[in-house]
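Just add 129 to wherever you are in the sequence shown, counting from 1, and you've got our numbering.
Worksheet: one structure, shown below.
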Amino acid sequence: MTDDPKTMTEAEWRDRLSPEQYHVLREAGTERAFTGQYDKHYDEGEYACGACGQVLFLSDAKYNSGCGWPAFFQPAGEERVEEHRDSSFGMERIEVRCSNCGSHLGHVFPDGPPDAGGMRYCVNSAALDFDPADGEGD
């Protein structure tokens, strides 16, 4: 992206993103479980923010949690995501946002693989772009 994601207006985001991406990334929406293109995707590579392109998760941290959304046990670096308290819909959760552009990614839960830190970053496919390790399309 050539524009600074920290200063882009919502109108600029709406022009740049698909309607589904805008709903998830900028309006904190959620795609339906088991419908996202990266739920059962296990190619090697990097998962970047669908809004600004910052690398967020690596394929070696992705696992099949059975939750219906891509799940990772850790981000590519702790500084890549921000966590915020989310008490919407009568639930207490921790929302995960991109630290570069503030876009909504999903939520983090303490029910991930115990031998990998115990966290599950449950992320919407619409919030991600995948860059394969071999440089070819996914």
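Where is the CB? At the ideal position from N, CA and C, for every residue including glycine.
- DSSP, read as helix, strand or coil, puts Y250 in strand.
- Residue pairing by DSSP places D144 opposite no residue, since no beta bridge is assigned to it.
- Check the Cα spacing between D189 and each of C181, Q183 and Y176: the tightest is with Y176.
- Separation of the CB atoms of E221 and E212 is rounded to 13 angstroms, and the pair is thereby denied contact status at 8 angstroms.
- Around the beta-carbon of R249, 16 or more other beta-carbon atoms lie within 10 Å, marking it buried.
- The beta carbon of Q183 is closer than 8 angstroms to those of A177, R209, C227, S228, N229 and C230 in its chain, skipping five residues each way along the sequence.
- Here the C-alpha atom of G179 lies approximately 29 angstroms from the C-alpha atom of D244.
- The C-alpha of P239 is placed about 6 angstroms away from the C-alpha of G247.
- In this structure, L154 sits near S232, with a CB-CB distance shorter than 9 angstroms.
- Counting the other Cβ atoms within 10 Å of the Cβ of A200 gives 16 or more, which makes it buried.
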